[in-house]
Structures are given as structure tokens and as C-alpha cells.
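The structure appears right after this line, and notes come after that.
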Amino acid sequence: MTETAMELIDVKKTIGSKEIIKGLSFEIHKGEVFGFIGPNGAGKTTTIRMMVGLMGLSDGDVRILGNSIKSEYKDAIREVGAIVENPEMYPFMTGRQNLRHYARMMPGVTQERIEEVIKIVGLEKPINEKAGKYSLGMRQRLGIAQALLHKPSVLILDEPTNGLDPAGIREIRQYIRQLAEEENVAVIISSHLLSEIEQMCDRIGLIKNGEIIATQDVNAATEQTTAVEIQMDVTPTQQAIEVLKEDFDLNATTAKEMVTIRAERDMIPNIIQSFVSHDIKVYQVTMSKSSLEDKFFDLIGENTIE
Ligand SMILES: Nc1ncnc2c1ncn2[C@@H]1O[C@H](COP(=O)(O)OP(=O)(O)O)[C@@H](O)[C@H]1O
Ligand SMILES: [Mg+2]
Numbered sequence: 108m109t110e111t112a113m114e115l116i117d118v119k120k121t122i123g124s125k126e127i128i129k130g131l132s133f134e135i136h137k138g139e140v141f142g143f144i145g146p147n148g149a150g151k152t153t154t155i156r157m158m159v160g161l162m163g164l165s166d167g168d169v170r171i172l173g174n175s176i177k178s179e180y181k182d183a184i185r186e187v188g189a190i191v192e193n194p195e196m197y198p199f200m201t202g203r204q205n206l207r208h209y210a211r212m213m214p215g216v217t218q219e220r221i222e223e224v225i226k227i228v229g230l231e232k233p234i235n236e237k238a239g240k241y242s243l244g245m246r247q248r249l250g251i252a253q254a255l256l257h258k259p260s261v262l263i264l265d266e267p268t269n270g271l272d273p274a275g276i277r278e279i280r281q282y283i284r285q286l287a288e289e290e291n292v293a294v295i296i297s298s299h300l301l302s303e304i305e306q307m308c309d310r311i312g313l314i315k316n317g318e319i320i321a322t323q324d325v326n327a328a329t330e331q332t333t334a335v336e337i338q339m340d341v342t343p344t345q346q347a348i349e350v351l352k353e354d355f356d357l358n359a360t361t362a363k364e365m366v367t368i369r370a371e372r373d374m375i376p377n378i379i380q381s382f383v384s385h386d387i388k389v390y391q392v393t394m395s396k397s398s399l400e401d402k403f404f405d406l407i408g409e410n411t412i413e
């Protein structure tokens with residue numbers, strides 16, 4: 108279960124006279140989703156470029172399944188799949204044609220594997236349509252499918268939720284978790300927004316100014332992190348409380364005319380729908396930050412993690 112897939116050992120990067128990455132050390136296990144979180148400019152992309160062999164290290168080492176990216180480059184990089192910038196694809200080819208095209212450039216990728224990765228990312232329906240017609244979310248999926256073709260042990264995604272709407276983020280969350288669990292892949296996913304990826308991660312590493320300033324096990328605090336406090340300005344209040352109890356088994360409290368519950372963020376649309384169908388008027392719904400966000404807020408000492 109806790110087999111190490113990738114290890115960073117005191118990784119440093121200096122460009123010109125500027126030390127951009129100041130000695131990062133952490134490891135990622137197979138089957139684990141690791142969130143690499145930090146504000147813009149923290150050094151996420153630079154670190155990832157070194158992890159995937161697109162940029163040399165100034166010092167330290169990256170080991171993938173024990174192989175050094177410096178001295179055993181080929182063995183190390185064979186186990187990595189990644190999307191660093193936008194996924195590259197040919198808009199005039201279908202999704203499947205794109206995958207076949209990339210498969211031809213990699214040794215040992217079978218037709219079965221192509222079909223397998225299509226299923227993993229849930230692209231069965233649009234796979235015969237031209238990639239140029241894909242939404243951003245679908246393009247991300249195709250990019251991930253492409254990165255998975257050669258069965259890497261580590262999948263690295265740099266800000267995959269950028270530009271996606273909440274539905275797109277929810278979809279990514281589902282298949283990333285499935286991927287880690289069923290294919291036993293170690294997934295490293297970066298973001299400047301904790302809230303967008305917190306729910307798909309087992310562990311989070313917080314990077315600021317080229318240094319890891321905290322790591323946090325998300326599993327250990329799952330209940331506190333996925334359930335958030337939600338305040339609702341609704342009327343009639345009493346009826347809303349009854350609906351919450353009957354339809355969702357939630358015990359609500361009231362304060363200052365607001366109905367307050369603790370629930371998962373994903374339940375909000377269902378709750379609103381249910382209120383509407385009971386003719387309850389919804390004026391406002393607000394959500395407090397998760398406890399993990401509060402903690403990181405304190406560590407970063409800025410207004411937001413952005
Ligand atoms: N090629 C480069 N030359 C000089 N500075 C760079 C280069 N690439 C990145 N940087 C600097 O390194 C820091 C980290 O950048 P980056 O890794 O892109 O951060 P992130 O992905 O977390 O937003 C930033 O201050 C950025 O300006
Ligand atoms: Mg970046």
C-alpha cells in the first residue's frame with residue numbers, strides 16, 4: 108500500500124542568480140493522490156518540470172521507483188505520465204485517432220490499452236468526434252488518457268482544474284480518485300486553489316517561495332474537511348428545517364434568521380432544489396471555509412491562497 112512511487116531529495120533550482128526552488132524533499136506513494144498547493148509563483152511548475160525531466164536539477168535528485176532522473180533517466184522517465192502545459196492534440200483528428208497517433212510513438216502500447224484508457228477517463232461517447240470540438244474538460248480527459256497510455260506509475264498534472272467549471276472539476280475528482288485506487292497510480296496534482304482539489308487528495312503539500320512549508324494528511328481529517336458550515340437565508344425558516352431533517356437527515360440550527368447546517372459542499376444543489384420544490388424561498392447560501400483552508404490561510408499569511 109505505501110510503496111514509494113516518487114521521491115524528491117533536496118531538489119533545488121537556481122536560474123541566473125535566483126534560487127527558485129530551495130531544497131524540496133517529499134515522497135509520493137502508489138495509489139495516493141498528492142495535492143501540490145501554493146500561490147502563483149511559488150514554484151509548482153518549475154518543480155514539476157524537473158520531476159518530468161523537462162528541466163535539469165541544480166542540486167538534489169528525483170527518484171521514480173528508485174531510479175534516479177539524473178543517472179537512470181530512461182528507467183525513471185518511463186514511469187511518468189504528465190500534462191505540464193495544455194494537452195497537445197490535433198483538432199482535426201478524433202479523440203481515438205489522437206490516442207492512436209501517440210500510441211505509435213511509444214513502444215508496447217496495445218489497442219486494448221487504448222480502449223482501456225478511454226474508459227478510465229470516461230470518454231467513450233465523444234471518442235469518435237473531432238478533438239477540436241471538445242470542451243476544455245474533455246480535452247483534459249483526452250490529455251490524461253494520452254499520459255496514461257504507457258501505464259506510468261506516476262501521473263503528474265499541473266493545474267488541471269484551471270478554467271474548468273464546477274461540474275468539470277467534479278468529474279476530474281471522480282476519475283482521479285478511481286485512477287489512484289484501481290490502477291494504483293501515484294497522482295500529483297498542482298493547484299493554487301486548495302478548495303478545488305482538497306476533496307480528491309489523500310495528502311497535501313503546501314509550497315511557498317520554493318519551499319514546502321507544510322504537509323497534511325487529508326484522510327485523517329476527512330470529516331472535518333469535507334463537511335463545511337453552510338448558512339442559508341431562507342423563508343419560511345421552520346419549514347426549511349423540517350425539509351432538511353426529512354429529506355437529508357440534517358440537524359439545522361438557526362441564528363440571526365439564518366439556517367445553519369454542516370454538510371458536504373456537493374449537497375448544496377440538491378438542498379436548493381428540494382427547497383424550491385417545497386416553495387421555500389432561497390435568498391442566499393454561503394459556505395464557510397474548510398478547516399484545512401483555515402490552517403493553510405494561517406500558514407501562508409495572506410488573504411487567499413491564490
Ligand atoms: N525560466 C525562468 N527564468 C527565471 N525565472 C523563472 C523561470 N521560470 C519560473 N521562474 C520564476 O520562478 C518562480 C516560480 O515559478 P513557477 O514555478 O511557474 O510557479 P507556479 O507554477 O507555482 O506559479 C516565479 O517567481 C517565476 O517568476
Ligand atoms: Mg504554474
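Each residue of the sequence shown is one higher than the one before, counting from 108 in the working numbering.
Even glycine gets a Cβ: it sits at the ideal position worked out from N, Cα and C.
Predicted, not measured: the structure shown is a model, and the values here were computed from it.
Excluding the 5 residues flanking it on each side, Asp373 has no same chain C-beta neighbour closer than 6 Å.
Around Ser178, the same chain offers no residue with a beta carbon nearer than 8 Å, after the five sequence neighbours per side are excluded. Leu286: member of the alpha helix (DSSP H) spanning Pro273 to Glu290, first to last residue. For Met200, no pairing in a beta bridge is given by DSSP. At a Cβ-Cβ threshold of 9 Å, Val169 and Leu115 count as neighbours. Taking every residue with its beta carbon within less than 5 Å of a heavy atom belonging to ligand 1 gives, in chain order, Ile122, Ile127, Asn147, Gly148, Ala149, Gly150, Lys151, Thr152 and Thr153. Ranked by how close their Cα comes to the Cα of Lys315, the residues Ile122, Thr109 and Gly130 have Gly130 in first place.
About 16 Å separates the Cβ atoms of Pro267 and Ile311, ruling out a contact at the 8 Å cut-off. Between ligand 2 and the CB of Glu266, the shortest heavy atom gap is smaller than 8 Å. The three-state secondary structure of Asp324, taken from DSSP, is strand.
By the criterion of at least three beta-carbon pairs nearer than 8 Å, the region 183-193 is not in contact with the region 207-217. Close CB contacts of Glu186 within its chain, under the 8 Å cut and outside five residues either way in sequence, are with Ala112, Ile171, Leu172, Asn174, Pro259, Ser260 and Val261 (chain order). With 16 or more other Cβ atoms from the protein chains shown falling within 10 Å of its own Cβ, Asp309 counts as buried. CA-to-CA, the gap between Gln306 and Ile144 works out to about 13 Å.
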